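Chains as they are written, first to last, in my numbering: chain A, 374 to 1033; chain B, 1215 to 1520; chain C, 34 to 247.
Here the structure comes first, spelled out in structure tokens, and everything after it is commentary.
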Amino acid sequence: MTLLLSSLFVCAASIFLMLALARFKKLSSYVFLGSLIASCLLGFFCAAGVLTHQITDLAFRWRGTIPFEEFYIAIDPLSAFFLLLLFILSLAAGIYGFGYLRDYKGARNVAVHFSLYQLLILVIALVLTARNAVLFLVAWELMTVVSYFLVTFYNEKEEVRQAGYLYLIATHTGTFCLILMFFLMGVHAGSMNFDQMALSAYPLGFAGLLFVLAVLGFGVKAGFIPLHIWLPQAHPAAPTHISALLSGVLIKIGIYGLIRLMTIVGNFPLWCGILLLAIGIISGVLGVLYALGQHEIKKLLAYHSIENIGIITLGLGIGLIGHIYHQETVSFIGYAAALLHTFNHAVFKGLLFLSAGSVIKATHTGEMDHMGGLLKVLPWTGHLFLVGSLSICGLPLFNGFISEWLTFRAFLEGVFHFDLYGIMLACIAIAALALIGGLAALCFAKAFGAVFLGTNRSSHPADYKEGDLVLQAPQLLLAAICLWGGVFPAVMLSYAFEGARPMTRLTAPEFLQEAVLNPAFMVTKVLGLAVIFFLVLWLVRKISLCSCTIDRKETWGCGYARVSSRMQYTASSFARPVLRIFRLPVSFKVESRISRGYFPTGAGLSSSVKDASEIFIFRPVFYFIKKLSRALKWIQSGFTPYYILYILFLLVVLLIWKLH
Amino acid sequence: MSSLILHLGILLAFPPLLLGVITKTKAFFAGRRGAPLCQPYYDIFKLMRKGSVYSVTSNWIFRLGPLISTAVILAAGIVLPIAVFKAPVQFGGDIILFIYLLGLARFFMVLAALDTGSSFEGMGACREATFSCLSEITIFLNLTILALLSRGLSLSGIFLGGLASSWMQVGPVLILVAASFFLVLLSENSRIPVDDPETHLELTMIHEVMVLDHSGMELGCILYTQALKLFLFGSMLVSMVLGLMPRNVWGQGLYFILGILGLGVVIGVVESAMARLRLNRVLYLLYSALIFSIFALIVILVRGHV
Amino acid sequence: MSVWLDAVLILIVLLGLLIIVSHRLGSMIQIFGLQSCILGVVPFFLYANGIEFFIIIVALAAIVLRGFLMPSFLYWAIRHVDMRTEINPTIGIGTTLLLSGLAIVGSFLLASKLVFPMKIASDMVIPCSFSLIIMGFLLVIGRMKAISQVVGYLVLENGIFLFAMLLLKKMPLLVEMGILLDLFIAAVVLGIVVNNISDEFNNTDTVQLTTLKD
Chain A
374 MTLLLSSLFV
384 CAASIFLMLA
394 LARFKKLSSY
404 VFLGSLIASC
414 LLGFFCAAGV
424 LTHQITDLAF
434 RWRGTIPFEE
444 FYIAIDPLSA
454 FFLLLLFILS
464 LAAGIYGFGY
474 LRDYKGARNV
484 AVHFSLYQLL
494 ILVIALVLTA
504 RNAVLFLVAW
514 ELMTVVSYFL
524 VTFYNEKEEV
534 RQAGYLYLIA
544 THTGTFCLIL
554 MFFLMGVHAG
564 SMNFDQMALS
574 AYPLGFAGLL
584 FVLAVLGFGV
594 KAGFIPLHIW
604 LPQAHPAAPT
614 HISALLSGVL
624 IKIGIYGLIR
634 LMTIVGNFPL
644 WCGILLLAIG
654 IISGVLGVLY
664 ALGQHEIKKL
674 LAYHSIENIG
684 IITLGLGIGL
694 IGHIYHQETV
704 SFIGYAAALL
714 HTFNHAVFKG
724 LLFLSAGSVI
734 KATHTGEMDH
744 MGGLLKVLPW
754 TGHLFLVGSL
764 SICGLPLFNG
774 FISEWLTFRA
784 FLEGVFHFDL
794 YGIMLACIAI
804 AALALIGGLA
814 ALCFAKAFGA
824 VFLGTNRSSH
834 PADYKEGDLV
844 LQAPQLLLAA
854 ICLWGGVFPA
864 VMLSYAFEGA
874 RPMTRLTAPE
884 FLQEAVLNPA
894 FMVTKVLGLA
904 VIFFLVLWLV
914 RKISLCSCTI
924 DRKETWGCGY
934 ARVSSRMQYT
944 ASSFARPVLR
954 IFRLPVSFKV
964 ESRISRGYFP
974 TGAGLSSSVK
984 DASEIFIFRP
994 VFYFIKKLSR
1004 ALKWIQSGFT
1014 PYYILYILFL
1024 LVVLLIWKLH
Chain B
1215 MSSLILHLGI
1225 LLAFPPLLLG
1235 VITKTKAFFA
1245 GRRGAPLCQP
1255 YYDIFKLMRK
1265 GSVYSVTSNW
1275 IFRLGPLIST
1285 AVILAAGIVL
1295 PIAVFKAPVQ
1305 FGGDIILFIY
1315 LLGLARFFMV
1325 LAALDTGSSF
1335 EGMGACREAT
1345 FSCLSEITIF
1355 LNLTILALLS
1365 RGLSLSGIFL
1375 GGLASSWMQV
1385 GPVLILVAAS
1395 FFLVLLSENS
1405 RIPVDDPETH
1415 LELTMIHEVM
1425 VLDHSGMELG
1435 CILYTQALKL
1445 FLFGSMLVSM
1455 VLGLMPRNVW
1465 GQGLYFILGI
1475 LGLGVVIGVV
1485 ESAMARLRLN
1495 RVLYLLYSAL
1505 IFSIFALIVI
1515 LVRGHV
Chain C
34 MSVWLDAVLI
44 LIVLLGLLII
54 VSHRLGSMIQ
64 IFGLQSCILG
74 VVPFFLYANG
84 IEFFIIIVAL
94 AAIVLRGFLM
104 PSFLYWAIRH
114 VDMRTEINPT
124 IGIGTTLLLS
134 GLAIVGSFLL
144 ASKLVFPMKI
154 ASDMVIPCSF
164 SLIIMGFLLV
174 IGRMKAISQV
184 VGYLVLENGI
194 FLFAMLLLKK
204 MPLLVEMGIL
214 LDLFIAAVVL
224 GIVVNNISDE
234 FNNTDTVQLT
244 TLKD
């Protein structure tokens, strides 16, 4: 606990220091860098210590200062797991941000931005450790507001302001549900303290109500479809390191909240588990389909966050269903898979956002169809992006595979242990996961291929410059974690199972070794064999090429003599067949402009994907709200005495209510 | 260790023969004498000795992609039992690893195709990736059904000994699964109703157009990998249909060899008798495979034969 | 014996799926004929241990009527109006396929809830007949050409026939013949309709009929 408190103290102190030194831009950014590294390392060691049982003082209480009892924070393995991911990712993203904003010439004060960044880490850590509903909500609100300021860094642009508003409104709507939920729980348990809440028993129907409120409230943050509309807007609008943090950590806090509720309430009706599975399937499949239809790289990555949230939710769903079916092993594996995927997604998505940021910094555009052939000019960024893509597709050798494997594993265990309907649910989820995996691979083949392979499509290929070490180092760190997590998964697996412990009654997971760690070791073995096979083939190739000739020619244009880079398959055309197959759920449209005549000019083709939930759910709802508020506009007269009248009126009403 | 070497030996030696059988059958139906059975071996060896031509656009991914995919599919073969030989590496959940390794190989082949910057190869890559998305679901469902019936989470548990008794109880359902598997096999290995491995009309091809620019050793690797993948799928199908048991090594081994040669003949017959489907009808084929396995699953579940 | 019955039932449903994917009217009719022939074999499996004379009659009647007469009649119809393929179905073929997959799952779930008062040789008869009925409906709803609609209707009838076979021993022969007759009349009526449509409009697209609405 001392480690965590000191880490938070470093954060807090650096905020004031940076604000004080705000005039000296250079100095304050160095203060940021130093304090960031210090606080993240301290926090990291604290979290790792808790997960390996080396730290034992787990709580800090400070009585009587906050309304409703106390300032009470504590770390259990669950919090520690999320803290781990928070500190790793905010370290990487922070260093990247330091490099990214070094040559920023705009009107904003960078020091303020950096101090807000530190404040965000502080409040997220508070959210993760709060053991009091009021403290939790306060920290949650602060988190929203601070992240809003960080997202709208480039607020001179209209679309950034729009995205920021959307984010703020969406998350506040979610917070309303959360306040209601905690209020109900507090009233039922007679305390706002999480420990006290966990002690009281909740009737199943009530638990279901709480669950729905939590799904609405936390789901907005996590980006469940159809509550996700803010997400694809906010990610491209924010500066790169903030997008990474947003996608890597902030949306995971929604997942954390949901899991925390599950640990407090304990027993849920079956439909809650089915609801989670349904959300997971819908978010996963639709998320990746929407991602396929995007042409802007950050937007694509943002939709992929939704997809991965879907996978995480599937893990949570099988965990909950396993719990309801009293199959504790299934449930344990499911929860651990969800946690592990949360961590892995934070790492590889952070990596992908950072390298996408480097691409955008070099090319000054986010349009994938204007890029191409960048692997030659940006080799570092390209290969780091490749590592990220392989991980996010869940392909073996990288960490994404381990968590997807564990998720599948949970479902297969479920198939063995459930009854008819349980097996059907599990099979549907397996099919959905398989589909998500295939589509994700397609999508990242598209993204990597369009951006880094082939030849450059832009009309003015400038001399692109690779970023320097400050930008590369954090990406290298994250890529190394991806590889480490895929090749030696034992450490992260045991952390994930430790983190999932508060959710099950299993204490000593003796099956862990046999069911999870041994197979994981076998995976490493097979991968090792694959690497050996590859090396042998490579050697054979080296030797055989010694005696042969190697020609370098133009790519064969199938007989066409004047091949240009504009003839390449673009990202949009790559995604077209699969989007045509799924055109119903994603309302995929292709518009072509064909010009006729002897010298045709201006022909073109554009494809787009419309977010169904935006069109069919939010537009009508907002339209209705707008009409309603217009109807109530007469109250807002702008005439001061009227307002005083309202206050008087309210006071009288309150008085009558109280006296009654 | 010895089992690993044996397994690798089988994986290296046998697969091209399967391609030979298919072409021989097709030649028979066309009334020709056809290439010798060992022609694929000659082709591979010939290509291995040749030099390569690389596009100036390409990077290492184009050059090493085929090698990576060969290595990865070989590694996938390591977790799969072949005939009566248990897989050298087996563990609960290697089903998933197997399918994901195939996915990894495909991912690199797709990237290698995109690396050339040719629109034809982009088209082939895109089709390959699209169709495999759908067939992957079916493979997963089929393997889930088999796992459910044999109560085993590893490929060795499923294909060696787990299914023999199920044939007695739910034979017709297993035929459904086998049919679904066969359709997936055809589409994943780019055989005729889905893709024609022998045409050279770029616009209609899927897999072949994707590897248009490869030459020399890389092309040899691709050819071998194609045969290997077909062999792996075929060996799953044959083990499932025959319901092999790990005892009576020689008899069962003979069954397996006959089975896999028979599969080659069946594929050859299908290729001789059918024309390539139009691209949008390939989709219906994949949907049918999916429905077959859903049908099998629901029958098994409702019957309670689990 | 139940295993063979299961195999036959699965084959019948698969042939139904094949009818859905085939876009050539000729092959649709052929597959329908094959399906009906196989359907005619079902009573032998269903009442394997007590084959009586009237069962053989019903089976033979079904095979001859549905398996040979009806398809040749339909063949004559398509030759007469000269059409070959189904173009532009209202529900796409892929969608119809997926929907029939759902129908199979749904009918199995539904049948597992139903309690049939007699002992049946296989518990797959009822769900398979349900799936055939739904597939027939999908064909009737989703296709434009009158001939494919007729085939859809016949597939639906096949489903009903499959279900009715369960009652073969309890119910008198009359009911069975009634079903066959009903089917026959339906086909005749539709055949006449087809010919009239084609004579009037030179086309058997039923969309054209919408012009008759006022």
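Idealized CB from N, CA, C, for every residue including glycine.
Predicted model only: the values in this text are computed from it and were never measured.
Of all alpha-carbon atoms in B:Ser1217, B:Gly1234 and B:Leu1218, the one lying nearest the alpha-carbon of Val1479 of chain B is that of B:Gly1234. Using a Cβ distance threshold of 7 Å, His1421 of chain B and Glu1342 of chain B count as a contacting pair. At least 7 Å separates the CB of Val1423 of chain B from every CB of chain C. Under DSSP, Trp435 of chain A forms a beta bridge with A:Phe444. For the set B:Thr1284, B:Thr1239, B:Pro1295 and B:Pro1302, the Cα lying nearest the Cα of Gly1375 of chain B is the one of B:Pro1295. Secondary structure note for Phe961 of chain A: its beta strand (DSSP E) is the uninterrupted segment Phe961 to Arg966. Gly1465 of chain B counts as exposed, since fewer than 16 other beta carbons sit within 10 angstroms of its beta carbon. Not flagged as an interface residue toward chain A: Cys1252 of chain B, since no C-beta distance is shorter than 7 Å.
Within chain C, Leu50, Val54 and Leu130 have C-beta atoms less than 8 Å from the C-beta of Ser1502 of chain B, given in sequence order. Taking a C-beta cut-off of 7 Å against chain B, none of the residues of the segment 848 to 868 of chain A qualify. Rounded to the nearest angstrom, the Cβ distance from Val760 of chain A to Leu856 of chain A is 7 Å, consistent with a contact under 8 Å.
The Cβ of Val1516 of chain B sits closer than 7 Å to at least one Cβ of chain C. Beta-bridge analysis with DSSP links Asn505 of chain A to A:Asn566.
Within 10 angstroms of the beta-carbon of Asp39 of chain C lie 16 or more other beta-carbons, which makes it buried. The straight-line gap separating the alpha-carbon atoms of Ala466 of chain A and Pro847 of chain A is approximately 7 Å. Using a Cβ-Cβ cut-off of 7 Å, Pro1386 of chain B is close to Val36, Asp39, Ala40 and Ile43 of chain C, given in chain order.
Separation of the CB atoms of Phe705 of chain A and Thr877 of chain A is rounded to 5 Å, and the pair is thereby assigned contact status at 8 Å. The Cβ of Gly1307 of chain B sits closer than 7 Å to at least one Cβ of chain A. Setting aside the 5 residues that flank it on each side, Thr118 of chain C is surrounded in the same chain by His56, Arg57 and Leu58, each with a C-beta closer than 8 Å to its C-beta; the list follows chain order.
Between Thr613 of chain A and Gly730 of chain A, the CB-CB gap stays under 7 Å. Comparing C-alpha distances from Ile685 of chain A to each of A:Thr928, A:Ala719 and A:Gly811 shows the shortest one belongs to A:Ala719. Per the coordinates, the alpha-carbon of Leu47 of chain C lies some 22 Å from the alpha-carbon of Leu102 of chain C. The C-beta of Ile1508 of chain B comes closer than 7 Å to at least one C-beta of chain C. In this chain, the beta strand (DSSP E) harbouring Leu978 of chain A covers Gly977 to Val982.
Ala1503 of chain B counts as buried, since at least 16 other C-beta atoms from the protein chains shown sit within 10 angstroms of its C-beta. The beta-carbon of Thr1237 of chain B is placed no less than 7 Å from the nearest beta-carbon of chain A. Ranked by how close their Cα comes to the Cα of Leu414 of chain A, the residues A:Leu577, A:Ile494, A:Val588 and A:Leu489 have A:Ile494 in first place. Proximity of Tyr1314 of chain B to chain A, defined by a Cβ-Cβ separation below 7 Å, is satisfied. The Cβ of Phe163 of chain C sits no closer than 7 Å to any Cβ of chain B. Taking 8 Å as the upper bound for CB-CB distance, Gly1279 of chain B and Met1323 of chain B are in contact here, some 6 Å apart. Taking 7 Å as the cut-off between beta carbons, the residues of the segment 764 to 788 of chain A near chain B are Cys766, Gly767, Leu768, Pro769, Phe774, Trp778, Phe781, Arg782, Leu785 and Val788, in sequence order. Using a Cβ-Cβ distance cut-off of 8 Å, the segment 660 to 676 of chain A and the segment 801 to 816 of chain A are in contact, since at least three pairs of beta carbons, one from each stretch, lie closer than that value. Close partners of Ser105 of chain C in chain B (Cβ separation under 7 Å) are lacking, with about 25 Å as the shortest Cβ gap. For Lys926 of chain A, the enclosing beta strand (DSSP E) begins and ends at Ile923 to Lys926. For Tyr996 of chain A, the uninterrupted alpha helix (DSSP H) segment begins and ends at Arg992 to Ala1004.
In the three-state reduction of the DSSP assignment, Glu1412 of chain B falls in the coil class.
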